[in-house]
Amino acid sequence: MRLATTLASTTRSGRVKTIAAVGMAGLALFAVAGCGAGRTNGGGGGAGLVIGTTDKIFALDPVSAYDQGSLVPETQIYQELLNFAPGATTVTPDAAQSCGFSTPTTFTCTLKPGLKFANGDPLTATSVKFSFDRMLKINDPNGPASLLGNLDHTDAPNASTVVFTLKNGNDQTFAPVLATQAGPIVDEKVFPADKALDDDAVVKAKGYSGPYTITSYDKNKLVSYQVNPDYNGLLGKAKTATVSEKYYASADNLKLDIQDGNIDVAYRSLSPTDLDSLGKDGKVTVHTGPGGELRYIVFNMNTMPGGTPDQKLAIRKAVASSIDRDALSTGVYKGSYQPAYSPVPQSYPGAIEPYKTIYGDKPNKDEATKFLSDAGVQTPVTLNLQYNPDHYGGSSSEEYAAIKNQLEATGLFKVNLQSTEWVTYSKERVHDAYPVFQMGWFPDYPDADDYLTPFFAPNNFLQNHFEDPGLTAELTAEATEPDQAKRAAIIEQIQTDMAQKFLSIIPLLSGKQIAVSTKAVQGIDSTLDPSTKFRFSVLSK
Amino acid sequence: MGQEPAAPAPAPSTAPRRGGTRYGALLRYLGVRLLLIIPTAWILVTVVFFLMRVVGDPITAALGGRLPPDQIAERKRAAGLDRPILNQYWDYISGLVRGNFGRSQDNVAISHVIVTYGAATLELVVWALIVAFIVGVPLGRLAARRRDRPADVGLRLFAILAYAAPVFFVGLLLKLFFAVKLGWLPVAGRASTNVELALQNVSPKTNILFIDAILYGDTGYLLDVLKHAILPAITLGLLTAGIFLRLVRINLIQTLRSDFVDAARARGLRERVVVGRHAFRNAMIPIVTVMGMQIAMMLGGAILTEITFEWKGLGYQLAQYLNARDFVAVQGIVAFLALVVAVMSFLIDIVVALIDPRVRF
Numbered sequence: 004m005r006l007a008t009t010l011a012s013t014t015r016s017g018r019v020k021t022i023a024a025v026g027m028a029g030l031a032l033f034a035v036a037g038c039g040a041g042r043t044n045g046g047g048g049g050a051g052l053v054i055g056t057t058d059k060i061f062a063l064d065p066v067s068a069y070d071q072g073s074l075v076p077e078t079q080i081y082q083e084l085l086n087f088a089p090g091a092t093t094v095t096p097d098a099a100q101s102c103g104f105s106t107p108t109t110f111t112c113t114l115k116p117g118l119k120f121a122n123g124d125p126l127t128a129t130s131v132k133f134s135f136d137r138m139l140k141i142n143d144p145n146g147p148a149s150l151l152g153n154l155d156h157t158d159a160p161n162a163s164t165v166v167f168t169l170k171n172g173n174d175q176t177f178a179p180v181l182a183t184q185a186g187p188i189v190d191e192k193v194f195p196a197d198k199a200l201d202d203d204a205v206v207k208a209k210g211y212s213g214p215y216t217i218t219s220y221d222k223n224k225l226v227s228y229q230v231n232p233d234y235n236g237l238l239g240k241a242k243t244a245t246v247s248e249k250y251y252a253s254a255d256n257l258k259l260d261i262q263d264g265n266i267d268v269a270y271r272s273l274s275p276t277d278l279d280s281l282g283k284d285g286k287v288t289v290h291t292g293p294g295g296e297l298r299y300i301v302f303n304m305n306t307m308p309g310g311t312p313d314q315k316l317a318i319r320k321a322v323a324s325s326i327d328r329d330a331l332s333t334g335v336y337k338g339s340y341q342p343a344y345s346p347v348p349q350s351y352p353g354a355i356e357p358y359k360t361i362y363g364d365k366p367n368k369d370e371a372t373k374f375l376s377d378a379g380v381q382t383p384v385t386l387n388l389q390y391n392p393d394h395y396g397g398s399s400s401e402e403y404a405a406i407k408n409q410l411e412a413t414g415l416f417k418v419n420l421q422s423t424e425w426v427t428y429s430k431e432r433v434h435d436a437y438p439v440f441q442m443g444w445f446p447d448y449p450d451a452d453d454y455l456t457p458f459f460a461p462n463n464f465l466q467n468h469f470e471d472p473g474l475t476a477e478l479t480a481e482a483t484e485p486d487q488a489k490r491a492a493i494i495e496q497i498q499t500d501m502a503q504k505f506l507s508i509i510p511l512l513s514g515k516q517i518a519v520s521t522k523a524v525q526g527i528d529s530t531l532d533p534s535t536k537f538r539f540s541v542l543s544k
Numbered sequence: 005m006g007q008e009p010a011a012p013a014p015a016p017s018t019a020p021r022r023g024g025t026r027y028g029a030l031l032r033y034l035g036v037r038l039l040l041i042i043p044t045a046w047i048l049v050t051v052v053f054f055l056m057r058v059v060g061d062p063i064t065a066a067l068g069g070r071l072p073p074d075q076i077a078e079r080k081r082a083a084g085l086d087r088p089i090l091n092q093y094w095d096y097i098s099g100l101v102r103g104n105f106g107r108s109q110d111n112v113a114i115s116h117v118i119v120t121y122g123a124a125t126l127e128l129v130v131w132a133l134i135v136a137f138i139v140g141v142p143l144g145r146l147a148a149r150r151r152d153r154p155a156d157v158g159l160r161l162f163a164i165l166a167y168a169a170p171v172f173f174v175g176l177l178l179k180l181f182f183a184v185k186l187g188w189l190p191v192a193g194r195a196s197t198n199v200e201l202a203l204q205n206v207s208p209k210t211n212i213l214f215i216d217a218i219l220y221g222d223t224g225y226l227l228d229v230l231k232h233a234i235l236p237a238i239t240l241g242l243l244t245a246g247i248f249l250r251l252v253r254i255n256l257i258q259t260l261r262s263d264f265v266d267a268a269r270a271r272g273l274r275e276r277v278v279v280g281r282h283a284f285r286n287a288m289i290p291i292v293t294v295m296g297m298q299i300a301m302m303l304g305g306a307i308l309t310e311i312t313f314e315w316k317g318l319g320y321q322l323a324q325y326l327n328a329r330d331f332v333a334v335q336g337i338v339a340f341l342a343l344v345v346a347v348m349s350f351l352i353d354i355v356v357a358l359i360d361p362r363v364r365f
């Protein structure tokens, strides 16, 4: 009995010792945590205003960046000659002091004095010339070089003057193009002339001069911005010194975090159901603004099904006759997107709805069948339809599942639906990997031309091998016509021709820009404008 | 007729000799186990390599049927995939030996990805193991002591549910209840944004946020990191806790029937002492063995847990590469995970040999 008692007491004593040891270890940890031995600066400084997104950055170097995910950091760190003030639809000087046509084919800008990059290097006319020269020289298939299709060459006659020589005179779109993703000014001492710079090198070198600098960069995870004290541009001093952008893999987590106040703003892309639910939540505000977002299907003119150009055209027309946009708008997007029957938003001068006029607003199986039989196309036509699940919102899968169902319901198509993550998607689509694929569009500048030239001009952004001399001539005429009534008529003609003769794309839906914020955040409504530039510098809380 | 003197009887072994024999056996055992890692790892990475080739080369697997043949051929040539398979295999193996796991499509060394994100996964797995022990072992002990009573039945059901329920489903439920409904814990991530940013300034930076927070020296940050770890750790830990619970229960029940336990009882020891001091320690040995096998299961579960909770570790990154169909990156990470499993098995063998002398003899 004595032995048993001793053992029991030993066991109890061991347990007490263990608990005490664990407790002491915990206390020691917290004590050590109070010392701050590994801290390399005075403090964390805080994350400032935190913005969440499911977008992804493709690249920070402007030569490779032509997507909304990359536009957000570009908007914060780069400066351009001209830019859109919040809410404006016309450009005003940013790095430039003034800009204008000196002859029909020469567009001259004078720079503000004393501009410099965030690394201290001077920003001069040679920096501007270098930026545009390398954009054209590198001509990255993922980049926005196609926007500079009318730029012949750039000169810098002195340190403060830049002269752009254009191929076609009186280009009404050139000034707004300078405010697009084709227009960021970069430091010639940092960026190589013949190849893109990787993101980490861009961050390290600070060869940019926008309202913010990047202080911490974990690509597509967490990026932190600090106000650039040397910024001298259109947007003025930023209202918030530190802004962080957090990248989410899941829109559900983005929604929960904005709802719980763990982030201040959720900008792109919450599902329609989530937006509907957040709209009823008193703790957050759902902001909408004109955006002119377009969702559409692209045909690769070379690799799409069909043995001859006529058969391919017939297949495209049959697809246009088989899609029910209303069902997509109400069924999938709960009204947050509207049916689009033209690439040009209906609020723009010259916008019409030719896809509705020609193919109707409801699926027409008989007409689709006729298109195919007249061209001798055997049915069912197999369509390898590719979409992206992580860049155009979480409802893309539902949208394209619905399109597959609509097409197959006619009995004329057999659709193989495939999806690919955005970074790979961006690379593959320009290499003819996808015969028919999803795309979305945010305008670079608020003008009908931005819904036409990037899609239908030679060497266009879609890289889908569409080119037609007649349409190219119409695009040139529209872009150079100073008379607004005549210009609107040409724009109407282009839309009709596209819908009637070519259909290299089929517009599906148009949407607004949407952001959700906590009640304390100010300034969001002013930046949700047609330029689609989400400017951190106007936000505060 | 004199008798030959009897051969001297062998001297009784001395304590040092006995000890030397024991350590010699242990070292021999560990040496064999260490050597076995090489063929194990070799077989694992070879299987990974050839499995990835079953679907064709990585370029064809990613782009086959969607790029013209000449472009596919060009890309294969650029990546060295047009050479004989054995040459590619040799390059692959020799690269692995040098720590080269290949490069991703966006030209990032996979070894860099492993170093950067592996720490996050390691942190998650350690937290999950702690949860598994805290939940599985005491409950297993309780179930054994309450054998065939309602508590035992309930705990067995709990164990089945814990390891049968999909990780992402458990994670979602926990998230909805504790983060959304009650608001006690964060929804996702490894730390709040400001903490994450602050911890980037720690030196030396381990990428294990718990350690980084200690080094940073802010108890608030440490608590924030711990709060973020709770739900992912429980989600992943429950998976293993269910197995631990059942193992502890069955081993303890068997051990409690042993002669030495009867002897302990006969000496008048209390049941609590019999269970806690005698039976329980013996019952724990198989748990340690099973733990090695659980590492692979936990790494698999970690991928789903990391996605559910935006825990940006190796599993999360693997999922990104899978989505991007970056098979070279996937191959590199999977090969690394296979090596981790092999090494962990070896470490478990050492522990088992140390605590159970029967193993090394």
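In the order they appear, the protein sequences are chains B and W.
At position 477 of the first sequence the residue is numbered 480 (the numbering used here), and the sequence of numbers has no breaks.
At position 264 of the second sequence the residue is numbered 268 (the numbering used here), and the sequence of numbers has no breaks.
Ideal Cβ positions, reconstructed from N, Cα and C, are used throughout, including at glycine.
Could you round the C-beta distance between residue i and residue j to whole angstroms and report it? I think they count as a contact, below 8 Å.
{"i": "Leu-410 of chain B", "j": "Leu-386 of chain B", "result": "7 Å"}
{"i": "Gln-229 of chain B", "j": "Ile-355 of chain B", "result": "Contact flag wrong, Cβ pair sits at about 47 Å."}
{"i": "Phe-350 of chain W", "j": "Arg-151 of chain W", "result": "Going by Cβ atoms, the distance from Phe-350 of chain W to Arg-151 of chain W rounds to 35 Å, so no, they are not a contact pair."}
{"i": "Leu-118 of chain B", "j": "Asn-231 of chain B", "result": "Actually they are not in contact, since the Cβ atoms of Leu-118 of chain B and Asn-231 of chain B sit about 12 Å apart, beyond 8 Å."}
{"i": "Ile-311 of chain W", "j": "Ala-252 of chain B", "result": "7 Å"}
{"i": "Asn-122 of chain B", "j": "Asp-190 of chain B", "result": "7 Å"}
{"i": "Ala-339 of chain W", "j": "Val-49 of chain W", "result": "5 Å"}
Grab the span of the beta strand (DSSP E) containing residue i for me, first residue to last.
{"i": "Val-418 of chain B", "result": "416-422"}
{"i": "Ala-159 of chain B", "result": "154-161"}
{"i": "Phe-104 of chain B", "result": "99-106"}
{"i": "Trp-444 of chain B", "result": "439-444"}
{"i": "Ile-509 of chain B", "result": "508-521"}
{"i": "Gln-298 of chain W", "result": "Careful: Gln-298 of chain W lies outside any beta strand (DSSP E), inside the alpha helix (DSSP H) at 284-312."}
Quick one, are the C-beta atoms of residue i and residue j less than 7 Å apart?
{"i": "Leu-74 of chain B", "j": "Arg-298 of chain B", "result": "no"}
{"i": "Val-53 of chain B", "j": "Ile-261 of chain B", "result": "no"}
{"i": "Leu-200 of chain B", "j": "Asp-97 of chain B", "result": "no"}
{"i": "Ala-182 of chain B", "j": "Phe-87 of chain B", "result": "yes"}
{"i": "Leu-542 of chain B", "j": "Gly-292 of chain B", "result": "no"}
{"i": "Tyr-225 of chain W", "j": "Val-206 of chain W", "result": "no"}
{"i": "Gly-106 of chain W", "j": "Val-332 of chain W", "result": "yes"}
{"i": "Ile-527 of chain B", "j": "His-290 of chain B", "result": "yes"}
{"i": "Gly-99 of chain W", "j": "Arg-253 of chain W", "result": "no"}
{"i": "Ala-123 of chain W", "j": "Asn-211 of chain W", "result": "yes"}
Less than 7 Å between C-beta atoms, sequence neighbours within five positions excluded: which residues of the same chain meet that for residue i?
{"i": "Thr-113 of chain B", "result": "Ala-99, Gln-100, Ser-101, Ser-163 and Thr-164"}
{"i": "Gly-45 of chain B", "result": "Note on Gly-45 of chain B: pLDDT 41, under 50, position unreliable in the model; no value is reported."}
{"i": "Arg-274 of chain W", "result": "none"}
{"i": "Gly-69 of chain W", "result": "With a pLDDT of only 48 at Gly-69 of chain W, under 50, the local geometry of the prediction cannot be trusted, and the value read off the model is given with reservation. Here the set comprises nothing."}
{"i": "Lys-170 of chain B", "result": "Asn-153 and Asp-155"}
{"i": "Thr-311 of chain B", "result": "none"}
{"i": "Ala-13 of chain W", "result": "A caution first: Ala-13 of chain W carries a pLDDT of 41, below 50, which makes its placement in the model too unreliable to give a value."}
{"i": "Ser-332 of chain B", "result": "Gly-338, Tyr-340, Gln-341, Pro-342 and Leu-512"}
{"i": "Asn-391 of chain B", "result": "Ser-399, Ser-422, Thr-423, Trp-425, Tyr-428 and Gln-441"}
Ordered along the chain, which non-local residues of its own chain (more than five positions away) have a Cβ less than 6 Å from that of residue i?
{"i": "Gly-514 of chain B", "result": "Glu-296 and Tyr-340"}
{"i": "Asp-111 of chain B", "result": "Going by the sequence as given, residue 111 of chain B is Thr instead of Asp. Cβ within range, chain order: Ser-105 and Val-166."}
{"i": "Thr-245 of chain B", "result": "Gly-51 and Gln-229"}
The alpha helix (DSSP H) that contains residue i, what's its start and end?
{"i": "Phe-87 of chain B", "result": "Looking at the DSSP string, Phe-87 of chain B is not in any alpha helix (DSSP H); the run it does join, the beta strand (DSSP E), is 85-87."}
{"i": "Thr-288 of chain B", "result": "No alpha helix (DSSP H) contains Thr-288 of chain B, which is instead part of the beta strand (DSSP E) from 287-302."}
{"i": "Trp-131 of chain W", "result": "114-149"}
{"i": "Ile-212 of chain W", "result": "No alpha helix (DSSP H) holds Ile-212 of chain W; DSSP gives it neither H nor E."}
{"i": "Ile-361 of chain B", "result": "357-362"}
Once you ignore the five residues that flank residue i on each side, which residues in its own chain have a CB closer than 8 Å to its CB?
{"i": "Val-485 of chain B", "result": "Sequence check: residue 485 of chain B is Pro here, not Val. These residues qualify, in order along the chain: Asn-173 and Gln-175."}
* In chain order, which continuous runs of the beta strand (DSSP E) of length 3 or greater are located wholly inside the segment 185-256 of chain B? -> 215-221, 225-230 and 245-250
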